[in-house]
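Protein chains in written order, with our numbering: chain A, 1 to 223; chain B, 224 to 626.
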């Protein structure tokens with residue numbers, strides 16, 4: 001039993017950091033919040049729908065409409081251009097090729113990768129790869145982006161850039177951002193911090209003074 | 224969606240070009256083997272049918288002796304010309320009957336000699352035996368009755384005697400058979416090698432000519448009977464057998480001392496035998512198609528395992544189970560159908576080349592080609608389904624964590 005009696009409410013437009021040591025249940029919580037998994041007991045309401053009662057395919061439809069995912073390991077398709085990686089979720093919405101191309105180009109522009117469309121992941125730096133992954137997450141204009149340790153594989157400077165991007169999504173596009181992280185520096189961007197411990201929520205606090213700009217040392221784009 | 228998935232499959236095939244090639248090799252070999260076998264088998268059947276047709280269709284050959292291949296048949300009495308007349312008069316469904324006498328003889332002309340078979344018969348033999356004239360004419364009824372010294376040459380005899388001499392076709396030349404000379408009045412169109420040796424190695428003279436001047440006997444060796452169009456050979460053979468028993472005074476318990484050889488029946492037997500052989504070869508080749516299908520399943524399973532993270536990602540971003548299934552199924556079908564197409568191309572070239580090497584007529588059979596293509600695609604569905612289902616049923620969380 002990874003989670004033991006959790007009561008968590010997340011409102012639209014929030015920026016929430018989920019923290020806690022490994023084994024604390026935060027990953028399970030993220031999987032349930034991302035409609036990838038269902039709780040063995042209890043309820044999860046997403047936009048009023050009882051997710052725990054939905055079938056696999058129904059949850060997939062929910063994910064393709066409302067959710068975007070960013071992973072620690074990027075999970076980009078190798079030997080596939082940034083453009084095509086970003087187009088991937090649109091394939092399952094039945095968008096036409098022209099629409100997919102336009103949406104993907106716009107998403108890449110939003111993450112600051114205009115002009116990098118033809119490059120494959122192998123030709124991109126880690127920070128750029130994660131930007132492509134973020135573009136892929138937002139290309140469907142989701143309500144929620146779930147980021148599982150999005151900066152775990154990046155150096156500090158890239159990490160701050162990615163955080164700046166997530167912050168902008170939350171601020172400018174009104175996207176709810178849920179982020180798992182180990183790093184207090186990164187969690188400091190969130191407006192609310194939820195600490196997990198042994199399958200329970202140990203602390204759920206508003207961040208009174210969130211970071212709004214990346215530290216000066218990493219402000220300049222150098223990739 | 225379907226189109227995108229199809230493009231996705233094509234890209235995946237192209238991305239692993241060498242692997243894709245090796246994967247479809249089994250299908251390629253299977254499809255080309257099936258098509259080549261069936262095409263060659265059908266060609267061989269047709270070749271045999273053509274040879275038999277050249278012997279004369281709807282033809283019965285009545286020969287003395289106890290069993291087929293008995294030849295002259297030792298002490299067994301031969302036929303006489305009256306037997307032929309009796310058959311023509313008394314048996315329904317008979318179009319014509321030609322009594323045929325035969326003798327081995329050395330013929331001499333143009334300063335050369337050649338050992339051949341001299342046949343004596345009526346003019347009906349040319350129709351019954353499907354003989355056509357290349358030049359000249361056949362003998363007239365009065366020449367037949369009077370036993371005139373005229374003869375018609377088969378192509379082999381003409382070539383051996385006159386082939387090396389420019390300025391003559393042999394027509395109008397004198398030919399010496401044993402002690403008498405005859406005038407060459409016709410040359411036959413060659414039939415080629417048949418089931419019964421070189422049919423063109425023959426000289427045909429009127430029956431009375433043969434009897435009086437060569438064999439010195441009024442016996443004939445065979446009765447060649449042609450059936451009327453559409454006549455059924457079985458009852459005809461039965462009544463013919465009955466008549467011959469009466470004429471040869473056989474009592475109830477005696478065995479037949481003659482044989483009735485039925486070219487139609489022979490043709491049917493040979494065709495059906497060839498048909499069975501062709502299906503057998505095709506079936507053996509089809510086994511290799513199955514093996515090819517297993518190869519595809521193997522590679523698809525490897526591919527699904529390799530791409531576990533990709534599958535997890537697709538599921539996470541909202542791919543339905545059916546969509547992932549379809550993607551891998553189409554990939555398998557694209558592979559196997561590609562194998563089928565390449566197989567058809569190779570089979571066409573191979574069966575054409577082999578057919579000309581084996582001197583068998585070649586014809587493109589659309590049915591077997593289409594069938595092989597459909598079958599190879601079906602193999603893709605059959606053997607692709609299991610790996611595709613495995614991909615579709617993956618848990619996205621587990622799949623994304625896969626190393």
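The beta-carbon is built from N, C-alpha and C at its ideal position, and this holds for glycine as well.
Close to chain A, meaning a Cβ-Cβ distance shorter than 9 Å, is no residue of the segment 258-274 of chain B at all. The Cβ-Cβ distance between residue 519(B) and residue 246(B) falls below 7 Å. For residue 36(A), the chain B residues whose Cβ falls inside 7 Å of its Cβ are 539, 619, 620, in order along the chain.
Any Cβ of chain B closer than 7 Å to the Cβ of residue 77(A) would place that residue at the interface, and such an atom is present. A contact between stretches requires three or more CB pairs, one per stretch, nearer than 8 Å, and the segment 425-442 of chain B meets this requirement with the segment 366-375 of chain B. The beta carbon of residue 50(A) is closer than 8 Å to those of 43, 44 in its chain, skipping five residues each way along the sequence.
Neighbourhood of residue 227(B) in chain A, by CB distance below 7 Å: 91, in chain order. Not one beta carbon of chain B lies nearer than 7 Å to the beta carbon of residue 46(A).
In this structure, residue 254(B) lies near residue 599(B), with their beta-carbon atoms less than 7 Å apart.
Classified as buried, residue 262(B) has 16 or more neighbouring CB atoms from the shown chains inside 10 Å of its CB.
At a Cβ-Cβ threshold of 7 Å, residue 450(B) and residue 351(B) do not count as neighbours. At a cut-off of 7 Å between beta carbons, residue 49(A) makes no contact with chain B.
If you draw a straight line from the Cα of residue 265(B) to the Cα of residue 250(B), it comes to about 22 Å. For the segment 485-497 of chain B, there are no residues whose beta carbon sits under 9 Å from a beta carbon of chain A. Interface flag for residue 31(A) against chain B is set, since a Cβ pair is found closer than 7 Å.
Contact fails between the segment 234-246 of chain B and the segment 55-73 of chain A, because fewer than three Cβ pairs, one in each stretch, are under 8 Å apart. The contact set of residue 623(B) on chain A, defined by CB atoms closer than 8 Å, consists of 71, 75 in chain order. Within chain A, the C-beta atoms nearer than 8 Å to that of residue 544(B) come from 56, 57, 60, in chain order. Using a CB distance cut-off of 7 Å, residue 101(A) does not count as an interface residue toward chain B. Between residue 408(B) and residue 335(B), the CB-CB gap reaches or exceeds 7 Å. Taking a contact as a CB-CB distance under 8 Å, the pair residue 148(A) and residue 71(A) counts as one, their CB atoms being some 5 Å apart.
Only residues of its own chain outside the window of five on either side were considered, and among them 17, 19, 181, 193 have a CB closer than 6 Å to the CB of residue 187(A), listed in chain order. For residue 536(B), the residues of chain A that pass the 7 Å Cβ criterion are 75, in the order they occur in the chain. Around the beta carbon of residue 332(B), a 10 Å sphere encloses 16 or more other beta carbons of the protein chains shown; the residue is thus reported as buried. Take residue 592(B), set aside five residues on each side of it, and the residues of its chain with a beta-carbon closer than 7 Å to its own are 258, 567, in chain order. With 16 or more other CB atoms across the displayed protein chains lying within 10 angstroms of its CB, residue 231(B) is buried. Using a 10 angstroms sphere on the CB of residue 140(A), the tally of other CB atoms reaches 16 or more, which defines it as buried. Scanning its chain for C-beta atoms nearer than 6 Å, with the 5 sequence neighbours on each side dropped, one finds around residue 625(B) the residues 531, 532, in chain order. Among the CB atoms of chain A, none fall inside 7 Å of the CB of residue 626(B). Between residue 533(B) and chain A, the shortest Cβ-Cβ separation is below 7 Å. Residue state for residue 139(A) is assigned as coil, using DSSP reduced to three classes.
Contact between residue 6(A) and residue 178(A) is absent: CB atoms are separated by about 14 Å, not below the 8 Å threshold.
Segment contact: the segment 337-350 of chain B against the segment 307-325 of chain B, three or more CB-CB distances shorter than 8 Å; contact assigned.
Neighbourhood of residue 238(B) in chain A, by CB distance below 7 Å: 79, in chain order. For residue 171(A), the nearest beta carbon of chain B is not closer than 7 Å to its own beta carbon.
Secondary structure at residue 447(B): strand, using DSSP grouped into helix, strand and coil.
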